[in-house]
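Worksheet for the structure shown next.
In the numbering used here, the protein residues as written are 1173 to 1371.
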């Protein structure tokens, strides 16, 4: 029956839907492969319907699973909100774990040097830093926060600009002697670019 579904099974379902295979799900949840498989089977038995199509390459949500995923994500958001409310205190001390996703450059050149100060001011706060060149979907709970150069996709997100930076072109004297100072980027032989001001 539907009322026998528990949050642990739903949590495994969410992770499996996002990971697309049992091995990655087990790794992310720190469970063994058989436990993940059993949890999914248990939830499907409670629903009385399969939610995944099993392939040699992994798992794929079927039509029922796709609909269930949207509801499960709302449940997940509600559970997270309950935990945040319960952990809040009158002193407003920052407690818990925040998963922050961003690009490697922002992480290494900007954030890394600031984590020491954050540790001193909020010792009970743990930041899990995820660096990726790919888009990280906050609405799918792949991260709690996403710092990027563009507005991330997804429903129900709050996005705002927290800073800006400039990009500059640099050339060796030998390049300028041979090609002159370019008037447009289309005429440049560009190797790369780097930020020249802090956020």
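We put the CB at the ideal spot given by N, CA and C, even for glycine. All figures in this text were calculated on a predicted structure; none of them were measured in a lab.
Who are residue i's beta bridge partners in DSSP?
i	result
residue 1184	None, per the DSSP bridge assignment.
Could you check which residue in the options has the C-alpha nearest to that of residue i?
i	options	result
residue 1241	1315, 1332, 1276, 1187	1187
residue 1229	1222, 1216, 1195	1195
residue 1245	1335, 1343, 1179, 1339	1179
residue 1200	1207, 1206, 1191	1191
residue 1335	1269, 1182, 1299, 1278	1278
residue 1266	1345, 1289, 1315, 1296	1296
residue 1237	1348, 1354, 1337, 1215	1215
residue 1182	1202, 1350, 1219, 1193	1219
residue 1250	1204, 1313, 1198, 1292	1313
residue 1298	1268, 1254, 1207	1268
residue 1332	1339, 1177, 1217, 1323	1323
In terms of residues, what are the limits of the beta strand (DSSP E) holding residue i?
i	result
residue 1232	1230–1233
residue 1273	1268–1274
residue 1226	1224–1227
Residue i lies in the alpha helix (DSSP H); which residues open and close that run?
i	result
residue 1210	1205–1219
residue 1200	1194–1201
residue 1348	1345–1351
When you compare the segment 1267–1282 with the segment 1313–1327, are there three or more beta-carbon pairs, one atom per stretch, that lie closer than 8 Å? yes
Fully enclosed by the segment 1290–1331, which beta strand (DSSP E) runs are 3 residues long or longer? 1297–1303, 1317–1319
Given 8 Å, three or more beta-carbon pairs between the segment 1297–1305 and the segment 1271–1279: yes
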